[in-house]
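Novice: Under mature numbering (1 follows the signal peptide of the UniProt record, and there is no 0), read the sequence shown as residues -20 to -1, 1 to 259, first letter to last. My questions will all concern the structure given below.
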Amino acid sequence: MRSLISFVFVLALISPCLRCDETKINGLYNIINYGAKGDGKSDDAQAFLKAWESSCGAKGMATLVIPANYQFLLSPLMLKGPCLASTIQIQLQGKLVAAEKNAWPSYKYAWILISNVNGLTVDGTGGSLDGFGSSWWSCTNCQRPSAITFNSCNGLTVNYLNIINSPKAHININNCVGATFSGITIQSPADTHNTDGIDVYASKNIWIKDSTIACGDDCIAISGGSSYVNVTGCACGPGHGISVGSLGNGKSNTVEQVQVRNCNFTNTQNGARIKTYAV
């Protein structure tokens, strides 16, 4: 009997280690395992951050998993690099919902900010982001956040991301080199102010392709300091079209090597245009 008890005790000690080894080998970091509830009511931002810190700090390949069949309520989130992982991926299979305006702190730059993470892949197959913009749109004098901002992320790949109802721009691409956005779906009401689809700032070698954008402002806006931006096979509308600019608010602005090909415009104010500030 004593031997049996000893065996069970040793097995109980070993089993957690086996689970740890399996997690390490598979390189999967599920936010549920870090305390996220996914009930649509509890703020899961801290659990998300813990899972990010583990995946970003891992050796080798790492995948942060946001599982299907859950709704995760999130206050503003900052996912910062650089990461130790050789390659890092975010699998968005569930639904992320932003906290309402009154629950936000003073920080209002972006709902989700991903910064200084190179070689990141975001796969949004089956998942979605809801920026809960309806709690912001009537406040015309408020500082309104973007839904998701990629800042200084080089070698970025974003596929099949579905974003609705951002308070302001849905996607910001800022100071990135070598980024591909494919199969993106963006939707907000046509009468919402400054809800751009994708804004590109000071970035180079950007591809936006095979995406559908319906919003209350520019479907895509390409601003100063950007170059080699390719937009192909996209559907725009309703919205204001695909814009270079606005330009001319500073001493100088340069945008070069922009190509827009095989795009459809439906119920838009413009097609492709160059937009300047009024003098």
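Where is the CB? At the ideal position from N, CA and C, for every residue including glycine.
Following the continuous alpha helix (DSSP H) through L29, name the residue where it begins and the one where it ends.
Specialist: As a working mapping, residue 29 is identified with position 49 in the sequence shown. Here the alpha helix (DSSP H) through L29 covers 25 to 36.
Novice: Tell me, which residues are paired with S223 by DSSP?
Specialist: The residue labelled residue 223 in the question sits at position 243 within the sequence shown. S223 pairs with A201, R253.
Novice: Strictly by DSSP, which residues pair up with K184?
Specialist: The sequence position of residue 184 within the sequence shown is 204, counting from 1. Note: K184 sits in a beta bridge opposite V157, S207.
Novice: Between which two residues does the beta strand (DSSP E) harbouring N6 extend?
Specialist: As a position in the sequence shown, residue 6 is number 26, starting the count at 1. Not the beta strand (DSSP E): N6 falls in the alpha helix (DSSP H), residues -19 to 6.
Novice: Whole angstroms is fine: what's the gap from S114's alpha carbon to I222's?
Specialist: For the purposes of this step, residue 114 is taken as residue 134 along the sequence shown, with counting starting at 1. For the purposes of this step, residue 222 is taken as residue 242 along the sequence shown, with counting starting at 1. For S114 and I222, the distance between alpha carbons rounds to 24 Å.
Novice: When you compare only the Cα positions, how much space is there between G106 and S207?
Specialist: Indexing the sequence shown from 1 puts residue 106 at position 126. Indexing the sequence shown from 1 puts residue 207 at position 227. Taking the straight line joining both Cα atoms gives about 32 Å.
Novice: For Q123, count neighbouring C-beta atoms within 10 Å of its own C-beta (all shown protein chains included) and say buried if the count is 16 or more, exposed if not.
Specialist: For this step, residue 123 is matched to residue 143 along the sequence shown. Flag for Q123 reads exposed.
Novice: Hey, how far is the Cα of S35 from the Cα of G74?
Specialist: Locating residue 35 in the sequence shown gives position 55, counting from the first residue. Locating residue 74 in the sequence shown gives position 94, counting from the first residue. In a straight line, the C-alpha of S35 is about 18 Å away from that of G74.
Novice: As an exercise, report each continuous beta strand (DSSP E) stretch of at least 3 residues that is fully enclosed by the segment 99 to 161, in chain order.
Specialist: Complete beta strand (DSSP E) runs here, min 3: 100 to 103, 108 to 110, 126 to 131, 136 to 139, 142 to 144, 151 to 154.
Novice: Pick from S118, A16, N131: whose alpha carbon is nearest that of S95?
Specialist: Against the sequence shown, residue 95 aligns to sequence position 115. S95 has its Cα closest to that of N131, out of S118, A16, N131.
Novice: Let me know if P147 comes out buried or exposed under the rule of 16 or more other beta-carbons within 10 Å of its beta-carbon.
Specialist: Indexing the sequence shown from 1 puts residue 147 at position 167. It counts as buried.
Novice: List the whole-angstrom C-beta distance separating A31 from L44, where the pair is believed to meet the contact cut-off of C-beta under 8 Å.
Specialist: The residue labelled residue 31 in the question sits at position 51 within the sequence shown. The residue labelled residue 44 in the question sits at position 64 within the sequence shown. Yes, they are in contact, since the Cβ atoms of A31 and L44 sit about 6 Å apart, within 8 Å.
Novice: Excluding the 5 residues flanking E236 on each side, which residues of the same chain have their C-beta closer than 7 Å to its C-beta?
Specialist: Sequence index remark: in the sequence shown, residue 236 carries index 256 (1-based). The residues are S207.
Novice: Taking the beta strand (DSSP E) that V238 belongs to, which residues open and close that run?
Specialist: By one-based count along the sequence shown, residue 238 stands at place 258. Segment 236 to 241, the beta strand (DSSP E) holding V238.
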